[in-house]
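Asks: Let me give you the structure first, and then I'll get to my questions.
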Amino acid sequence: MRKFNIRKVLDGLTAGSSSSSSASSSQQPPQTATRENDIQETLQSEHFQLCKTVRHGFPYQPSALAFDPVQKILAIGTQTGALRLFGRPGVECYCQHDSGAAVIQLQFLINEGALVSALADDTLHLWNLRQKRPAILHSLKFNRERITFCHLPFQSKWLYVGTERGNIHIVNVESFSLSGYVIMWNKAIELSSKSHPGPVVHISDNPMDEGKLLIGFESGTVALWDLKSKKAEYRYTHDEAIHSVAWHHEGKQFICSHSDGTLTIWNVRNPTKPLQTITPHGKQVKDGKKPEPCKPILKVEYKTTRAGEPFIILSGGLSYDTVGRRPCLTVMHGKSTAVLEMDYSIVDFLTLCETPYPNDFQEPYAVVVLLEKDLVLIDLAQNGYPIFENPYPLSIHESPVTCCEYFADCPVDLIPALYSVGARQKRQGYSKKEWPINGGNWGLVTQSYPEIIITGHADGSIKFWDASAITLQVLYKLKTAKVFEKSRNKDDRPSTDIVDEDPYAIQIISWCAESRMLCIAGVSAHVIVYRFSKQEITTEVIPMLEVRLLYEINYIESPDPEQLPPLPTPGTGSNPQSIAPQSHPSTSSSSSDGLRDNVPCLKVKNSPLKQSPGYQVELVIQLVWVSGEPPQQITSLAINSAYGLVVFGNCNGIAMVDYLQKTTLLNLGTVELYGSNDPYRREPRSPRKSRQPSGAGLCDINEGTTVQEDRCKSPTSDVKDNSFSRSRSSSVTSIDKESREAISALHFCETFTRKADTAPSPCLWVGTTLGTVLVIALNLPPGGEQRLLQPVIVSPSGTILRLKGAILRMAFLDTTGSLVPPAYEPWREPNVTEEKDEKDKLKKRRPVSVSPSSSQEISENQYAVICSEKQAKVISLPSQNCTYKQNITETSFVLRGDIVALSNSICLACFCANGHIMTFSLPSLRPLLDVYYLPLTNMRIARTFCFTNNGQALYLVSPTEIQRITYSQETCENLQEMLGELFTPVETPEAPNRGFFKGLFGGGAQSLDREELFGESTAGKASRSLAQHIPGPGGIEGVKGAASGIVCELARARIALDERGQKLGELEERTAAMLASADSFSKHAHEMMLKCKDKKWYQF
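Residue numbers are given in our numbering: position 462 of the sequence shown equals residue 462, and the series is strictly consecutive.
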């Protein structure tokens, strides 16, 4: 029978009480137990709540576009059923259709605060945008027909829905019910075609006569349907398939785009043949021959201007011989034709016009183009059609994101500093006008602390983003690949590459916000250290180091041991065999049997490097090939500005570099870190006999993929969902001889390295994938000049701690339970002129230890918090007793664990592979939150998920979008206030003036009483089996939205009252006129009666 441990249960229930703290470790000294009771844990379960906050980035796989010209709001639908709404910069909203079906079309109810979405699963949804989080009010599911096109006329409540069968149904958008009025395809085309005309691809009403509906069928037939007489007035046939149709605003002409790259312009009253046929990209052919066919014109828009020629704007239509040419948008204006090349294929485009009325001059001022991976806005009013500078954070995926870090509550001067260096990187040549999509209002800013997101990318670039107060704005971009020589073509690439593509991809980012020191590890086993400077410099020679990291070696089996340097013994300071600092990469050298040796994967530039203000290279470190074995990818990284050290590890071992003196201090295989204390029985191996596939460091630890050949995919390559099937055994007795113990966590700190220590000292804590924590002592020379002259002495301390599963994160608490951050050196401008005082130099090298315990007695203890894939432990120092322990998961494993600040306290936050997000109090590790949030469906989420202070977290939800979430109750409560409002009360512009005579004689636009035509009393009820009405969850929310939008309702009521007043005034005048006329009539009648009173009948 399994032994039940009641201590854990007590821990969870009564952590912090005297009973649990004394029970949790029997070896604990009594004074420690009493001290633990002094730590008052303030965090409770009620401080935690999990909810999504905002989603940033470009909508992944966009499929539909719509614009409200009065509210100035843009909507984008995607292939996964997502809906993104954009107003002014900073006003964004994300919604999701539950079915996940692709959005095929979007239609705004213009200036009504509502939107209709049509989905590929043949459902229509009505969204209420009058609330901060839009919700569905009604849904309608078509059962027998497939939806292909929708049209909602301006200021109408009747939505026309075209189907694949060629029929048109009519939906009342107020009740979301079907009208009995149906336009059947056979009635629409009658005998004009012998075959079925295909699906409906276009519906629109004549701008001058709402009673006439233009219906375009795919095969090339167009019908002008008279809604009142229920028959087609004209039919227009063309032998090329139709993709789209657009009206001239006077309603006398329309234009069609076809599959052969032609445009046909038709006169409404002449259905026999088109008025004009244009092939915008066709070659001029003589002798009256037909021009060569071009690619289909997928969409055309026809927009008129008062002052000049109309605009014809189209996508597609290029000739077939333009192979490799990029997708284009063509703008035809008068005699000029501009062809605007796009970076990605065009999904849809819309022309933004001054008026929402289709029967007025359109006055187009911009074109919004939705591309596969970008959103472009073209200024039509300026010569050369420049694009607007996009203020939305849509460039997250400019190069695929490979890693992410999130920092909340940063130093306040950081964002202005990054912004000032980033402002110089801005491109020129944008339109001088303001961004025209400017609807909605910002929410209230309730969070005052700065937040920064750093994204690492596949091309080696790093972007810094200002993420304060649920917004996102790019601050600065750093290109790390600039330090390397680029191969001109694929054949020229060095044979030392260990990845198929993206050799500069960023894997790990280590950043110290206080000192602004930045360190990155890349996929080609390279590490770059950067300093921040506001001044431009030219580096004559890029400082670089090459490091030779080995795995354990069996000397007997190795054929030529003289090629291999002797291994350093644990306890020695620096490794005498480490490669000396080199200014340039070494030339390719080979061992006697022709194996690649001592060569790095990338070549550092040997020409002077001009470095702009911002992050500037301090040192490049590269791992080299060892006897034909490629360097393994780096799995962990840490930098400390106070010590001037950077450390990194992989599945071979660990290396520490002094980046001030540019020397290697430590270069040990993982096994050698243990010295004689190794708990595992390891099989020694020769790297020649069973060579581990290159890059397995990243693959084993982060990806879990198996690699057949001597190469590894870059972190951008997609990984199958079952990528976490690898064995994560942490048995202490034996270890499979092929698996390696990798370095998985590194933490610099000032703490007790050994049990006998009486005072804390600088050290490095190292965590491995087998759950071991080892401590390395650091002996630093004094500050100032001495720091640059005397060596740093590094020695393993012999301290070994054990946990189940790979170590993920380590942190330290003082006696009050406060976090002890690593020491740092405050930022100072590094590129100061020589005349500065010597005192400044001394000041410069003086580290700041921000440990709250430094003001207390040095004999007081600390607590180490260690989180692994399976469990968390709090260890009392210097005694090294396990004070608290929590098994986080038995069946799954933790992907990310962070020790974070929240509500003036701290906690451990974990994200598990089974989708659970959990938080634990510190130091007692009481469970505070456990919510099933997100099952791990792909590696991207695992690689980018991170927690930060104040209850914030994020991950890459798609290749182009960042999803931010909060686990703080307070943020959840304030979220409603922080979110922007999409709908704002705006008066609808006045309708175009019809003119006196037109009004008198019935010219101009003809109105139609659609209610009379489509209402139940006339049209009857629609077949019940045709479509099913589903009430949406937004009903109650809609009431709330209406309550919050009371101001706008009052404004509407006021407008309505004004209109009513005008109508009443008109009615009064009419009534007075009628009374006067009735009075005169009665007088005439009375006179007539008197005249005729005495006459006999025969006298008449």
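C-beta: ideal position from N, C-alpha, C; glycine also.
Could you give the distance in angstroms between the alpha-carbon of leucine 746 and the alpha-carbon of asparagine 652?
Replies: Against the sequence shown, residue 746 aligns to sequence position 746. Against the sequence shown, residue 652 aligns to sequence position 652. So the two alpha carbons sit approximately 15 angstroms from each other.
Asks: Considering only the alpha carbon of each residue, which of Cys907, Ser797 and Ala759 lies closest to leucine 819?
Replies: On the sequence shown, residue 819 is found 819 positions in, with the first residue counted as 1. Ranking Cys907, Ser797 and Ala759 by Cα distance to leucine 819 puts Cys907 first.
Asks: Buried or exposed for phenylalanine 1081, please, with buried defined as at least 16 other CB atoms from any protein chain shown within 10 angstroms of its CB.
Replies: Position 1081 of the sequence shown, counting from 1, holds the residue named residue 1081. By the 10 Å Cβ count, phenylalanine 1081 comes out exposed.
Asks: In whole angstroms, what separates the C-alpha of leucine 549 from that of isoleucine 654?
Replies: As a first step, residue 549 is located in the sequence shown; it is residue number 549 there, counting from the start. As a first step, residue 654 is located in the sequence shown; it is residue number 654 there, counting from the start. Between leucine 549 and isoleucine 654, the C-alpha separation is close to 7 angstroms.
Asks: Applying the 10 Å Cβ sphere with the 16-neighbour rule, what's the burial state of lysine 373?
Replies: As a position in the sequence shown, residue 373 is number 373, starting the count at 1. Lysine 373 comes out buried.
Asks: For serine 345, which residues in the same chain have their Cβ closer than 6 angstroms to its Cβ, ignoring the five residues on either side in sequence?
Replies: Here residue 345 refers to the residue found at position 345 when the sequence shown is read from its first residue. Once the five neighbours on either side are set aside, the close Cβ partners of serine 345 are Pro327 and Glu372.
Asks: Would you report the Cα separation of tryptophan 442 and valine 91, rounded to the nearest angstrom?
Replies: Here residue 442 refers to the residue found at position 442 when the sequence shown is read from its first residue. Here residue 91 refers to the residue found at position 91 when the sequence shown is read from its first residue. Cα to Cα, the separation comes out at about 6 angstroms.
Asks: Give the secondary structure of tyrosine 419 by DSSP, where H, G and I count as helix, E and B as strand, and everything else as coil.
Replies: The residue you call residue 419 lines up with position 419 of the sequence shown. Correct three-state label for tyrosine 419: helix.
Asks: Secondary structure at histidine 1086, three-state DSSP: helix, strand or coil?
Replies: Taking the sequence shown and counting its residues from 1, one reaches residue 1086 at position 1086. It is helical.
Asks: Which residues in the same chain as serine 641 place their Cβ atom closer than 6 angstroms to its Cβ, once the five residues preceding and following it in sequence are excluded?
Replies: Taking the sequence shown and counting its residues from 1, the one referred to as residue 641 is at position 641. Excluding residues within five positions, the ones whose Cβ falls inside 6 angstroms are Cys512, Ser515, Met517, Tyr824 and Glu825.
Asks: Note down, in chain order, each residue of its chain lying with its Cβ closer than 8 angstroms to the Cβ of aspartate 678, except the 5 sequence neighbours on either side.
Replies: Taking the sequence shown and counting its residues from 1, the one referred to as residue 678 is at position 678. Taken in chain order, the residues that qualify are Val671.
Asks: My guess is that alanine 950 and leucine 902 are in contact by the Cβ rule of under 8 angstroms, so how many angstroms apart are they, rounded?
Replies: Working through the sequence shown from its first residue, we reach residue 950 at position 950. Working through the sequence shown from its first residue, we reach residue 902 at position 902. Contrary to the premise, residue 950 reads as asparagine rather than alanine in this sequence. Confirmed, about 6 angstroms.
Asks: Report the rounded CA-to-CA distance for glutamate 1037 versus threonine 1018, giving the unit in angstroms.
Replies: The residue given as residue 1037 occupies position 1037 in the sequence shown. The residue given as residue 1018 occupies position 1018 in the sequence shown. Because glutamate 1037 carries a pLDDT of 44, less than 50, the predicted location of this residue cannot be relied on, and the following value inherits that uncertainty. Going by the C-alpha atoms only, they are around 34 angstroms apart.
Asks: From threonine 78 to valine 103, what distance separates their C-alpha atoms?
Replies: What you label residue 78 is simply residue 78 of the sequence shown in a count that begins at 1. What you label residue 103 is simply residue 103 of the sequence shown in a count that begins at 1. If you take the alpha carbons of threonine 78 and valine 103, they lie about 6 angstroms apart.
Asks: To the nearest angstrom, report how far apart valine 401 and alanine 756 are at their CA atoms.
Replies: Here residue 401 refers to the residue found at position 401 of the sequence shown. Here residue 756 refers to the residue found at position 756 of the sequence shown. Answer to the nearest angstrom: the Cα atoms are 46 angstroms apart.
Asks: May I ask you to report which of helix, strand or coil DSSP gives serine 761?
Replies: Your numbering for residue 761 matches position 761 in the sequence shown. Three-state result, serine 761: strand.
Asks: Taking all protein chains shown into account, decide if histidine 1084 is buried (16 or more other Cβ within 10 angstroms of its Cβ) or exposed.
Replies: Here the question's residue 1084 lines up with position 1084 in the sequence shown. When all chains shown are included, histidine 1084 counts as exposed.
Asks: Thinking isoleucine 807 and glycine 767 are a contact (beta carbons under 8 angstroms), I'd like their distance in whole angstroms, please.
Replies: Numbered from its first residue, the sequence shown carries residue 807 at position 807. Numbered from its first residue, the sequence shown carries residue 767 at position 767. The pair is a contact, with the Cβ atoms about 3 angstroms apart (cut-off 8 angstroms).
Asks: Among Glu363, Ile110 and Leu895, which residue has its Cα nearest to the Cα of histidine 333?
Replies: Taking the first residue of the sequence shown as 1, we reach residue 333 at position 333. The residue with the shortest Cα to Cα distance from histidine 333 is Glu363.
Asks: Quickly, what does DSSP pair alanine 638 with across the bridge? List them, please.
Replies: The residue you call residue 638 lines up with position 638 of the sequence shown. DSSP output for alanine 638 lists Val647 as bridge partner(s).
Asks: Short of 8 angstroms in beta carbon distance, which residues of its chain neighbour tryptophan 435, apart from the five on each side in sequence? Order them along the chain.
Replies: Along the sequence shown, one-based indexing puts residue 435 at 435. Contacts found: Arg88, Pro89, Leu377, Phe388, Glu389, Asn390 and Pro391.
Asks: According to DSSP, simplified to helix, strand and coil, what is glutamate 672?
Replies: Stepping through the sequence shown from its first residue, residue 672 is reached at position 672. Looking at glutamate 672 - three-state DSSP - the assignment turns out to be helix.
Asks: Need the endpoints of the beta strand (DSSP E) that phenylalanine 176 sits in, please.
Replies: Position 176 of the sequence shown, counting from 1, holds the residue named residue 176. Per DSSP, phenylalanine 176 belongs to no beta strand (DSSP E) and is neither H nor E.
Asks: Whole angstroms is fine: what's the gap from proline 411's alpha carbon to tryptophan 827's?
Replies: Residue numbering aside, residue 411 sits at position 411 when the sequence shown is read from its first letter. Residue numbering aside, residue 827 sits at position 827 when the sequence shown is read from its first letter. If you take the alpha carbons of proline 411 and tryptophan 827, they lie about 11 angstroms apart.
Asks: May I have the straight-line CA-CA distance separating leucine 979 from valine 499, to the nearest angstrom?
Replies: Along the sequence shown, one-based indexing puts residue 979 at 979. Along the sequence shown, one-based indexing puts residue 499 at 499. In a straight line, the C-alpha of leucine 979 is about 43 angstroms away from that of valine 499.
Asks: Going by DSSP, what residue range makes up the beta strand (DSSP E) through cysteine 972?
Replies: Along the sequence shown, one-based indexing puts residue 972 at 972. Looking at the DSSP string, cysteine 972 is not in any beta strand (DSSP E); the run it does join, the alpha helix (DSSP H), is 969 to 978.
Asks: In the DSSP assignment, find the beta strand (DSSP E) that holds alanine 408 and state where it starts and stops.
Replies: The residue given as residue 408 occupies position 408 in the sequence shown. Its beta strand (DSSP E) spans residues 401 to 408.
Asks: Suppose you measure from the CA of valine 1128 to the CA of histidine 169; what does that come to, to the nearest Å?
Replies: Beyond the ends of the chain as shown, which are 1 and 1100, falls residue 1128; an answer cannot be given.
Asks: Would you check if there are 3 or more beta carbon pairs closer than 8 angstroms linking the segment 1022 to 1032 to the segment 134 to 142?
Replies: Segments in contact, yes.
Asks: Where does proline 59 land, buried or exposed, given buried means 16+ other C-beta within 10 angstroms?
Replies: Position 59 of the sequence shown, counted from the start, is the residue given in the question as residue 59. Proline 59 comes out buried.
Asks: Around the C-beta of tryptophan 384, are 16 or more other C-beta atoms found within 10 angstroms, so that it is buried, or is it exposed?
Replies: Walking along the sequence shown from the start, residue 384 turns up at place 384. The amino acid occupying residue 384 in the given sequence is glycine; tryptophan does not appear at that position. The residue in question, glycine 384, is exposed, as its Cβ has fewer than 16 Cβ neighbours within 10 Å.
Asks: In angstroms with no decimal places, state the Cα-to-Cα distance between proline 608 and leucine 619.
Replies: Translated into positions along the sequence shown, residue 608 becomes position 608. Translated into positions along the sequence shown, residue 619 becomes position 619. Taking the straight line joining both Cα atoms gives about 14 angstroms.
Asks: Could you check the C-alpha separation between alanine 64 and leucine 352 for me, to the nearest Å?
Replies: Taking the first residue of the sequence shown as position 1, residue 64 is located at position 64. Taking the first residue of the sequence shown as position 1, residue 352 is located at position 352. Each residue's alpha carbon lies about 16 angstroms from the other.
Asks: What does a CB cutoff of less than 6 angstroms around aspartate 466 pick up in its chain, not counting 5 residues either side in sequence?
Replies: Taking the first residue of the sequence shown as position 1, residue 466 is located at position 466. The residues are Ile415, Gln473 and Leu475.
Asks: Whole angstroms is fine: what's the gap from aspartate 718's alpha carbon to alanine 505's?
Replies: Your numbering for residue 718 matches position 718 in the sequence shown. Your numbering for residue 505 matches position 505 in the sequence shown. Unreliable placement is indicated for aspartate 718, whose pLDDT of 42 sits below 50; the coordinate value is still reported in the next sentence. Going by the C-alpha atoms only, they are around 14 angstroms apart.
Asks: Measure how close the beta-carbons of leucine 214 and valine 201 come, nearest whole angstrom, since I'm counting them as under 8 angstroms.
Replies: In the sequence shown, the residue the question calls residue 214 occupies position 214. In the sequence shown, the residue the question calls residue 201 occupies position 201. That pair is no contact at about 11 angstroms.
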